[in-house]
Amino acid sequence: MATTKPADPEPLATEPTESEPELFFVSLNDDKPTTIVLLHGLLNCHLEWEFVIPHLADYHILAPDLSGHSRSRDILPADIPTSADRVAGLIRRHAKDGRAHAVGLSMGAFVALRLSQRHRDLVRTAFVTAGHPMERQWAWVVGHPQLTFYLTLFLLEAVPRWLYLGVAARRGMRRHEALLGEMRRNRRWEVIRDVDAGLLQLGWDDVRALPVRTMSVAAGGVDDVEAVRRMGREMPVAGSLGAVVRGAVHTWNLQKPELFAEGIKAWIEERPLPEELEVLTRDVYIAVLSRQGSLFFSLIFPCLSPLRRSSPPMNAHHSDRPQRTTRPMPVINIQLIIGQQPLSGYLKQRVSSNAKRANAASPASSSLAISSISPRRHLTSLADNSLGLAACGPPDATCNCRGVPKVPVPQSRPSD
1 MATTKPADPE PLATEPTESE PELFFVSLND DKPTTIVLLH GLLNCHLEWE FVIPHLADYH
61 ILAPDLSGHS RSRDILPADI PTSADRVAGL IRRHAKDGRA HAVGLSMGAF VALRLSQRHR
121 DLVRTAFVTA GHPMERQWAW VVGHPQLTFY LTLFLLEAVP RWLYLGVAAR RGMRRHEALL
181 GEMRRNRRWE VIRDVDAGLL QLGWDDVRAL PVRTMSVAAG GVDDVEAVRR MGREMPVAGS
241 LGAVVRGAVH TWNLQKPELF AEGIKAWIEE RPLPEELEVL TRDVYIAVLS RQGSLFFSLI
301 FPCLSPLRRS SPPMNAHHSD RPQRTTRPMP VINIQLIIGQ QPLSGYLKQR VSSNAKRANA
361 ASPASSSLAI SSISPRRHLT SLADNSLGLA ACGPPDATCN CRGVPKVPVP QSRPSD
């Protein structure tokens with residue numbers, strides 16, 4: 001029998017009251033003009049960010065203890081939507097200009113995503129890691145919160161402190177004894193139950209409705225990379241991306257704090273991302289036309305190389321829906337052949353350096369092989385007199401292109 005997704009609770013009042021007190025938070029760099037709010041993971045607290053914050057010295061920082069955790073432990077319930085509303089109250093009262101960039105890890109990522117949905121006017125951008133719709137084994141685990149409860153009981157109580165910290169150090173994580181003590185105190189059944197229920201509530205319809213530019217990151221060592229790849233494809237706001245950090249642990253803000261901070265700053269400032277943040281590519285729909293305007297070949301292919309730079313949207317012909325952005329490719333080793341002769345009959349040619357040669361080809365032998373596209377050449381720059389090239393997101397009910405972009409058909413020149 002089909003189940004109905006529970007409705008989110010109504011947003012809380014904007015001002016703290018005796019029955020709804022304000023979350024505990026740390027405010028740093030108060031003289032800076034732009035605010036970042038840092039949202040920690042399950043059982044953690046604001047101490048999770050102690051190694052990241054020094055690298056964000058040019059930003060005003062708000063780092064709260066979320067509902068049910070540490071110095072906000074008595075502020076319940078700890079469900080995701082209610083926590084998002086409480087963070088919204090902090091932003092309204094304490095952020096510069098009443099707005100902030102939302103950064104979240106794990107549970108904090110889900111809070112950041114709900115925050116952007118429920119309080120769009122407060123969120124400038126979102127940078128989240130390990131925050132995505134739960135599927136397959138991940139959905140099964142969070143669907144049984146007692147597993148999380150007893151697993152954390154074993155890790156935090158049965159495993160000796162020296163062994164825990166030794167294993168963490170071998171994984172490259174910074175020493176975090178104070179945070180470990182808070183994690184032990186924060187392990188409560190009602191908190192784990194409420195949070196896990198909230199993780200399951202995030203669905204793909206929510207992803208497709210995210211209203212702000214969002215960076216979703218997966219830790220390559222443990223997180224669901226394919227879910228993050230799909231998020232990069234389905235988030236509607238132009239520039240939104242999915243990325244992976246290879247070899248990272250789940251709490252990679254403790255493992256690679258400088259990289260984490262550099263990723264945040266690059267995202268906020270719209271600069272190229274650090275190379276370690278490998279952007280996961282999306283499916284691209286390509287239509288290639290010969291010089292005479294006949295459609296010889298239409299190919300749907302996944303771009304397998306990581307992408308690292310942003311660029312203007314390629315599907316600007318869709319003016320009635322949010323723009324999606326396709327990034328420049330590093331080297332894509334594919335061949336796209338136009339014509340009737342066998343592949344062995346053609347010489348591979350680099351489009352970027354041989355456009356004139358392609359234009360000079362006779363109509364009877366019109367052919368084109370694409371191999372090794374320059375990493376700095378955007379796909380749209382390949383369009384010339386002999387080639388019309390454009391891209392579009394996956395076809396859907398609001399798009400009548402059916403995966404084949406609308407590109408102008410070159411007209412034949414009148415004969416002399």
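Residue numbering for the sequence shown follows full-length UniProt numbering, starting at 1 and increasing by one per position.
Built from N, CA and C at the ideal position, the CB exists for glycine as well.
Bear in mind that the values here come from a model prediction, so they are computed numbers and not experimental data.
Distance between residue j and residue i (C-alpha atoms, nearest Å)
{"i": "M134", "j": "M231", "result": "12 Å"}
{"i": "G239", "j": "R213", "result": "6 Å"}
{"i": "H119", "j": "D85", "result": "8 Å"}
{"i": "E190", "j": "R246", "result": "34 Å"}
{"i": "A95", "j": "D206", "result": "26 Å"}
{"i": "R73", "j": "G108", "result": "15 Å"}
{"i": "L199", "j": "N29", "result": "32 Å"}
{"i": "K265", "j": "D97", "result": "19 Å"}
{"i": "L179", "j": "C45", "result": "7 Å"}
{"i": "L122", "j": "R171", "result": "36 Å"}
{"i": "A63", "j": "Q137", "result": "31 Å"}
{"i": "R71", "j": "A197", "result": "23 Å"}
{"i": "D65", "j": "P236", "result": "30 Å"}
{"i": "G221", "j": "G131", "result": "15 Å"}
{"i": "H250", "j": "P21", "result": "31 Å"}
{"i": "V37", "j": "V244", "result": "22 Å"}
{"i": "E276", "j": "K256", "result": "10 Å"}
{"i": "E157", "j": "A112", "result": "30 Å"}
{"i": "G89", "j": "F110", "result": "17 Å"}
{"i": "A227", "j": "I75", "result": "32 Å"}
{"i": "V142", "j": "P54", "result": "33 Å"}
{"i": "E50", "j": "I61", "result": "11 Å"}
Span of the beta strand (DSSP E), counted from its first residue to its last, around residue i
{"i": "M215", "result": "T214 to A219"}
{"i": "L62", "result": "H60 to P64"}
Burial state of residue i (16 or more Cβ within 10 Å)
{"i": "Q146", "result": "exposed"}
{"i": "D79", "result": "buried"}
{"i": "P272", "result": "exposed"}
{"i": "L163", "result": "exposed"}
{"i": "F25", "result": "buried"}
{"i": "F154", "result": "exposed"}
{"i": "W140", "result": "exposed"}
{"i": "E182", "result": "buried"}
{"i": "G203", "result": "exposed"}
{"i": "V167", "result": "exposed"}
{"i": "G41", "result": "buried"}
{"i": "H144", "result": "exposed"}
{"i": "R93", "result": "exposed"}
{"i": "R229", "result": "buried"}
{"i": "R114", "result": "buried"}
{"i": "Y150", "result": "exposed"}
{"i": "E234", "result": "buried"}
Proximity test, Cβ basis, 7 Å: residue i and chain D
{"i": "R120", "result": "The displayed structure is made up of one protein chain only, and chain D is not part of it."}
Helix, strand or coil at residue i according to DSSP, with G and I counted as helix
{"i": "F149", "result": "helix"}
{"i": "E190", "result": "helix"}
{"i": "H55", "result": "helix"}
{"i": "R377", "result": "Any reading at R377 needs caution, since the residue's pLDDT is 31, under 50, leaving its predicted position unreliable; the model's value is listed next. Here R377 sits in coil by DSSP."}
{"i": "G242", "result": "strand"}
{"i": "Q137", "result": "helix"}
{"i": "E276", "result": "coil"}
{"i": "G104", "result": "strand"}
{"i": "V123", "result": "strand"}
{"i": "V222", "result": "coil"}
{"i": "V167", "result": "helix"}
{"i": "V128", "result": "strand"}
{"i": "S72", "result": "helix"}
{"i": "Q201", "result": "helix"}
{"i": "G172", "result": "coil"}
{"i": "P257", "result": "helix"}
{"i": "A248", "result": "coil"}
{"i": "M231", "result": "helix"}
{"i": "R99", "result": "coil"}
{"i": "G181", "result": "helix"}
{"i": "L156", "result": "helix"}
{"i": "T143", "result": "Contrary to the premise, residue 143 reads as Gly rather than Thr in this sequence. Coil at G143, not helix or strand."}
{"i": "V237", "result": "coil"}
Alpha helix (DSSP H) segment containing residue i, residue limits
{"i": "E270", "result": "That residue, E270, is in no alpha helix (DSSP H); it is neither H nor E in DSSP."}
{"i": "H94", "result": "I80 to H94"}
{"i": "F110", "result": "M107 to R118"}
{"i": "V207", "result": "W204 to V207"}
Any non-hydrogen atom of the ligand NAP within 6 Å of residue i CB
{"i": "A112", "result": "This structure lacks the ligand NAP, and indeed carries no ligand of any kind."}
Going along the chain, which unbroken runs of the beta strand (DSSP E) with 3 or more residues stay wholly within the stretch 18 to 53? 25 to 28 and 35 to 39
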